[in-house]
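Q:
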Amino acid sequence: MTLEISLRRTLLAALGSCVVIAPALAGCSDDSSGRDSGSGVNTVNTTDNETSGSGDGDGDPGDGDGDPGDGDTETETETDTDDTGPLSDPKWDVGAMPDSPDLCLVPDHVPCDHLDFPSEEQRAWRALGLNCPGEFQGTLDYNGHYNALEVLTEDLGTADPPTYPILEGVKMVALSTGNAYDILMPGTDGDTSLTGNDPGNLPAPMDPNPVDGADTCAENPELIGTGDCSNTIGPQFLGTAGAFDYAEMRFSIDVPEAVNGFAYNVAFLSWEYPDFYGWAYNDIYIAWLESEEWTGNVTFDDFGAPLSLNAGFLDFKDAPNDIDCPLPCSAPELEGTGVEGHGATRWLETNVGVAGGETITVIFAIMDIQDNIVDSVVLLDNFRWTCIGGTPGTVVG
């Protein structure tokens, strides 16, 4: 009996130490993403809350009905009922979290893009890092031409080290204003018009109108919900005919209770460079957040504008131009990609503050402004929950 009491006291002392240090361990990880792979925190839900849409997702080009190249727009909200492959171990349910307002617990994430899924859309969401078995589940929708979406299974390009390595799991996503597959094909002209995808206006809840002539929602939170909190989208559309060759990935999801941010990685690559570099009309990428904390664009270039051909992060220019890169002007970082001889950013990282427990909608959208000629692509990967709150921001990373 004495031995048993001694063992119990030792165990209680050890548990007490864990309680003291848990907030520190459960905070942001060393890689600044906020993911703490050793926390053991996760959910037990393993079912996607998705409903099947118009396409069958059989991998054939076209609208998903098996007819190749018919150019229809595809809108799909998915249902997965029997994920194949090994499931992750049972995880902690964080539906009810401790009351401490300073506690941040990032759910564990186990990449699942190695598993087999029946459609390109479903593979794309897992490649991005969403709706893996046993984790928080969102409602997922893809709206765009089937050929505008591609799941990449290898690092992009032949540069050593790779300029665009896969950042999470074994796959990443390419979303394009043309054929997304072209990003894998050096020498491609990148000039594809995908008919039926020219909405002109941005689909709801996206609203290009600035919330104010001067303040953003960071300066005046009362403006949230009245337009684009960043005041960055409207100027891109002035004097144009609107959005063409539009493609988007959108999802709605409940934010884990003890989380205060999310992050993801994006890169912008364009065939519009160098011929249209510096022009007012170009392809742009918008990451729209609909939440209690922000309504509007959350991904910006170095000048605070949406990512585009004229982005301040356009680091790789593989041809000369008359503005800022005379001969010689080359970018060996783009070797082996479809944009050899053109331009691109490097991997960028966006961090966004959200409120634990709220339901958010996120839209990743790429489009051509003014016309539907000459293409651009965004690479998307590594969506994760974080302990980094605050105003949206984008950095190289």
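According to mature numbering (1 follows the signal peptide of the UniProt record, and there is no 0), the sequence shown holds residues -26 to -1, 1 to 371 in order. Even glycine gets a Cβ: it sits at the ideal position worked out from N, Cα and C. Computed from a prediction, not measured in an experiment: that's the story for all the values here.
(1) Measuring CA to CA, which of D189, I362 and H119 is closest to F236?
(2) Just to confirm the assignment, what range does the beta strand (DSSP E) spanning residue 372 have?
(3) Please return the same chain residues whose Cβ sits closer than 6 Å to the Cβ of residue 375, not counting the five positions on each side in sequence.
(4) Examine the Cβ distances between the segment 244 to 251 and the segment 311 to 319 and report whether three or more of them are shorter than 8 Å.
(5) Note down, in chain order, each residue of its chain lying with its Cβ closer than 6 Å to the Cβ of E124, except the 5 sequence neighbours on either side.
(6) Please go through the segment 269 to 341 and give each complete beta strand (DSSP E) segment of 3 or more residues, from N-terminal end onward.
(7) So, at 7 Å on beta carbons, what are the nonlocal neighbours of D296 in its own chain, with the 5 sequence-adjacent residues on each side left out?
(8) Please state the DSSP three-state secondary structure of N117.
(9) With a cut-off of 8 Å, do at least 3 Cβ pairs link the segment 170 to 186 to the segment 129 to 138?
(10) Could you give the uninterrupted runs of the beta strand (DSSP E) lying entirely in the segment 88 to 158, keeping only those of 3 residues or more?
(11) Let me confirm a value: E267 is counted as buried when at least 16 other C-beta atoms fall within 10 Å, else exposed. Which label applies?
(12) Spatial neighbours of D355 within its chain, please: C-beta separation below 6 Å, excluding the five flanking residues on both sides.
(13) Rounded to the nearest angstrom, what separates Q111 and L301 at their Cα positions?
(14) Assuming G208 is part of the alpha helix (DSSP H), what are its boundary residues?
(15) What distance in whole Å lies between the Cβ atoms of F290 and D276, which are believed to be in contact at a cut-off of 8 Å?
(16) Which residue marks the beginning of the beta strand (DSSP E) containing D219, and which one marks its end?
(17) Determine the burial state of A159: buried for a count of at least 16 other Cβ atoms within 10 Å of its Cβ, exposed for fewer.
(18) Helix, strand or coil for P184? Go by DSSP, reduced to three states.
A: Inspection of the coordinates gives the following:
(1) I362
(2) Nothing in the structure corresponds to residue 372, since the chain is present only between -26 and 371.
(3) Residue 375 lies beyond the range of the chain shown here (-26 to 371); nothing can be said about it.
(4) yes
(5) A148, A154 and Y155
(6) 269 to 271 and 322 to 327
(7) none
(8) strand
(9) no
(10) 113 to 119, 123 to 126 and 146 to 150
(11) buried
(12) L141, E142, M146 and N239
(13) 50 Å
(14) G208 to F211
(15) The Cβ separation is near 14 Å, so there is no contact.
(16) A217 to D228
(17) Per the sequence shown, residue 159 should be read as Met rather than Ala. By the neighbour-count rule (16 or more Cβ atoms within 10 Å), M159 is not buried but exposed.
(18) strand
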